[in-house]
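Chains Y and W supply the protein sequences, listed in that same order.
FYI, the numbering for the first sequence is 7 to 350, going by the working numbering.
FYI, the numbering for the second sequence is 33 to 375, going by the working numbering.
Read through the structure below, which is laid out as structure tokens, and then see the notes.
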Amino acid sequence: MRFGVGPYTQQLPPGAKNTHADLYREMLDQIAMAEDIGFESAWLAEHHFLADGICPSLLPTAAAMAARTKRMKIVTGMYLLPLHRPVQSAEDVAVVDNIANGRLIFGVAAGYRPEEFAGHGEERSGREKRMEEQLDIMIRAWTKDSFSFSGKYYQVPEMSVNPKPAQKPHPPIWFGASTKAGVRRAAKWGSALVASPRHHLNELIEHYKMYREFLREQGKKADEVPVIREMYCAETTAKAEAEARDGIMYLHAGMYGKWSGVRPLRDDKGELVKDPGEVTFDSHRERFIIGDPDHCIREIEKYQSGMGMDHLVCWVQFPGLDPRKTEKSLRLFSKEVMPHFHKK
Amino acid sequence: MKFGIGPYTLQLPQGSGQTHADIYREMLDQVVMAEELGYDSASLVEHHFQEDGECPSLLPTAAAMAARTSKIKIGTAMYLLPLHRPMQTAEDVAVVDNIANGRFIFGVAAGYRPEEFAGHGEERSGREGRMEEQLDILIQAWTKDSFSFSGKHYQIPNTSVNPKPVQKPHPPIWFGASTKGGFRRAAKWGSALVASPRHHINELAEHYRVYEDYLRQYGRKSDATTVIRQVYCAETTEKAEAESRDGIIYIQAGMYGRWAKTRPLKDDKGQLVSGADDVTFQTFRERFIIGNPEQCIREIEKYRDRVGMDYLMCMMQFPGVESKKTVASMKLFAKEVMPHFTR
């Protein structure tokens, strides 16, 4: 079982006393510390145009993370490919993989928020097909001395993208997806399906069942089974809940809940959320790995046996949470939870 | 007088025996050392689709440099604005300035290579007008809570770009330019004109005269009079020339000479050249600051006295030159040349 940290978002809640510069510095310090205590990957997320300044620039931030670490994988979770342009994306990914000396994992997703497409002047409708052409272009750019492309959405004249990535044939491409078509795309183009923290374990079991069927059809295997969960570890479960709940709710209600009209969100009973106000700590509690070390261990085992998770990505730095508290949680987790899974 | 290191090009010549991962690592180590030695900034060049893998991704690379340092400024020299899209550029620059805790210098230029425009699906003709709209969008994105834009080339719906940069109102915008239109744009939108290493000092004197006229017209001042030169310092001038000449000609012929038909290049006598073969160490020697410390000091004084230079960007890492040698030059330059100007 591997353990990662993130995705980091550098969100500054309203009324916060610190600055974005503080958040970036704290994040870089935190991942360097996490690397020292056994976490093997550091993740980041992308969104645009929000008042809290959620990070819109994954590849520059990933490069900074790579420059501050030595062994950890740096994973984009996820780069919203249809908001970007394929040739520059191919160039940027290759350069970041060189800066990271072959440690970049290129996680991608289709995006869903209308205002992000509008702000970048890209069509939202048809984004999945556009994404497939982009992936085709990027893989050619990374693996061929030179190439050209003529598709429905993109025409690329004969060109040579350099440098090539450090990894051959290219960094692993992992997908964030949850619809049938998305999961099929993940099986066709990528080498892992990344589970979003907005899904309950019951939903994930369904997604992975579909994914494994599509993989069989393609004759492929997945690199890993990575699952992102909000995680907070303290001496008692009550303490963990008290310290984490506000930050987690900022994410679950403020992100997933707020966009539940555009992208479906279900509560722990499997009911569709129709109103962000319906999202509460209790109605979504089961998908958080928050508690004392024993509680965390038991929860992780559920994902291991329920869906074959082998890479738990711990979303730990909730917006507004004092990073010193986060560090304590990470250290306790490293000391009391991780060894349980490394004995196997 | 301030001194910068770079711009770094991250070019890997054929048969070098190294990898790109190696040269990125060496560059980052050099920048950390430059900070310790007192260089004021470290910068990068942007080009695309070259066999030698010249860096096409300035903002990710700048972010890595920022993450490894805490005092030295990090700059682009130059980000080819018309090849990119303004909203993502605004976001990326703001994030890099946050990672750098307010140390980012945003150097921009219009670009000129047809294949770069073709590869990015952008029109080359009209790029200057497009660039001005982009600058307008960038400045509004960085300084307003929210904004919208409707121009000849770009339409942006009401949007709020966040985070904002650390520096207020925004990072300094420095320009690479060498035409009259470019000087005007630099004076109107930017706060410094940065002279390319492809120009002889005679050309630069004229460039700065025109630029300063425009500054007066717009009622603006510049931050710095910045000149990029290939710089290399060793115990003797012979040694400096021997160690650097091939790498310098790789750049001067391979970059400027090769595109001489698209963008004019003149030798030391002021004659236009037509291609890479016309570019030799002898015919371009006068624009390199290469020699022992005294030689370097004398050359720098020429620029100070003739052009008013107060910021020298030292392009010191030439393709194919061992990093160890470049580091020796950086150290000798910092020890024996810089103090002459920073007292």
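Built from N, CA and C at the ideal position, the CB exists for glycine as well.
_Under 8 Å: do the segment 115 to 130 of chain W and the segment 271 to 279 of chain W share three or more Cβ pairs, one atom per stretch?_
no
_Short of 6 Å in beta carbon distance, which residues of its chain neighbour W/Leu113, apart from the five on each side in sequence? Order them along the chain._
Val140, Met163 and Gln166
*Is the segment 289 to 296 of chain Y touching the segment 263 to 275 of chain Y, taking contact as three or more C-beta pairs under 8 Å?*
These segments touch.
*asked:* Let's test the definition: count the other Cβ atoms within 10 Å of the Cβ of Y/Ala187 and tell me whether it reaches 16, buried, or not, exposed.
replied: That one is exposed.
*asked:* Please return the same chain residues whose Cβ sits closer than 6 Å to the Cβ of Y/Pro175, not counting the five positions on each side in sequence.
replied: Thr149
*When Cβ atoms are compared, which residues of the segment 80 to 114 of chain W fall closer than 8 Å to chain Y?*
His80, Phe81, Gln82, Glu83, Asp84, Gly85, Glu86, Cys87, Pro88, Ser89, Leu91, Pro92, Thr93, Ala94, Ala95, Ala96, Met97, Ala98, Ala99 and Arg100
*Mind listing, in chain order, the continuous beta strand (DSSP E) runs of no fewer than 3 residues lying wholly within the segment 150 to 202 of chain Y?*
153 to 156, 161 to 165, 179 to 182 and 198 to 200
*Residues near Y/Glu223 in its chain [Cβ-Cβ closer than 8 Å; skip 5 each side]*: The residues are Ala193.
*Return the Cβ separation of Y/Val268 and Y/Arg119 in integer angstroms, given the expectation that the two are a contact with Cβ distance under 8 Å.*
Their Cβ separation, rounded to whole angstroms, is 6 Å, which keeps Y/Val268 and Y/Arg119 in contact under 8 Å.
_Reference W/His239, options W/Ala266, W/His116, W/Asp300 and W/Thr257, closest by Cα_ = That would be W/Thr257, whose Cα lies nearest to the Cα of W/His239.
*asked:* Any beta carbon of chain W sitting closer than 8 Å to that of Y/Val81?
replied: no
*Alpha carbon to alpha carbon, how far is W/Leu44 from W/Asn190?*
43 Å
*What are the boundary residues of the beta strand (DSSP E) that includes W/Ser254?*
First-last for W/Ser254: undefined, no H or E at that position.
*Selected residue, minimal CA-CA separation from W/Leu76, among W/Phe365, W/Gln120 and W/Gln62*: W/Gln62
*Thinking C-alpha only, which one of W/Ile104, W/Glu147 and W/Lys367 is nearest W/Glu267?*
W/Lys367
*Within 10 angstroms of its Cβ, does Y/Leu257 collect 16 or more other Cβ (buried), or is it exposed?*
buried
*Give a yes or no on contact between the segment 72 to 92 of chain W and the segment 38 to 57 of chain W, applying the rule of three or more CB pairs nearer than 8 Å.*
By the Cβ rule, the segment 72 to 92 of chain W counts as touching the segment 38 to 57 of chain W, because three or more pairs are nearer than 8 Å.
*Just grab the DSSP bridge partners of Y/Trp321 for me.*
Y/Glu236
*Taking the alpha carbon of W/His372 as the point to measure from, which residue in W/Glu354, W/Gln327, W/Ile131 and W/Pro351 has its own alpha carbon closest?*
W/Gln327
*Under 8 Å between beta-carbons, which chain W residues line up against Y/Gly108? List them in chain order, please.*
Ala53
*Mind checking whether Y/Gly83 and Y/Gly113 have CB atoms under 8 Å apart?*
yes
*Positions along the segment 56 to 76 of chain W whose CB lies within less than 8 Å of some CB in chain Y*: Tyr56, Arg57 and Leu60
_Using a Cβ distance threshold of 8 Å, determine whether the segment 51 to 64 of chain Y contacts the segment 83 to 92 of chain Y, with at least three qualifying pairs required._
yes
*Please work out which residues of its chain come closer than 7 Å, Cβ to Cβ, to Y/Glu121, disregarding the five sequence neighbours upstream and downstream, and give them in chain order.*
Phe55
_Anticipated Cβ contact below 8 Å, Y/Met33 with Y/Gln16, distance rounded_ = 6 Å
*Between the Cα of Y/Pro178 and the Cα atoms of Y/Gly157, Y/Val200 and Y/Tyr160, which residue gives the shortest distance?*
Y/Val200
*Whose CA, out of Y/Ile295, Y/Gly260, Y/Cys302 and Y/Val99, lies closest to the CA of Y/Pro282?*
Closest option to Y/Pro282, Cα to Cα, is Y/Gly260.
*asked:* Taking the alpha carbon of W/Pro229 as the reference point, which residue from W/Pro325, W/Thr294, W/Lys298 and W/Glu270 has its own alpha carbon closest?
replied: Cα-wise, what sits closest to W/Pro229 is W/Lys298.
*Mind checking which residues open and close the beta strand (DSSP E) that includes Y/Thr82?*
Lys79 to Thr82
*Please name the residue or residues paired with Y/Gly127 in a DSSP beta bridge.*
None; Y/Gly127 has no bridge partner.
*Y/Ala115 and Y/Gly182 closer than 8 Å at C-beta*: yes
*Provide the residue span of the alpha helix (DSSP H) that contains Y/Arg74, from first to last.*
Leu64 to Arg74 is the extent of the alpha helix (DSSP H) around Y/Arg74.
*What are the residues of the segment 121 to 132 of chain W that lie near chain Y, defined by any Cβ-Cβ distance shorter than 7 Å?*
For the segment 121 to 132 of chain W, which is checked against every Cβ of chain Y, the residues closer than 7 Å are Glu123, Asp124, Val127, Val128, Asn130 and Ile131.
_Spatial distance of W/Gly208 from W/Gly36 (CA atoms)_ = 16 Å
*Return the residue from the list Y/Asp35, Y/Lys215 and Y/Lys226 that minimises the CA-CA distance to Y/Ser184.*
Y/Lys215
*Quick one: is Y/Thr67 near chain W, going by C-beta distance under 8 Å?*
The beta carbon of Y/Thr67 sits closer than 8 Å to some beta carbon of chain W.
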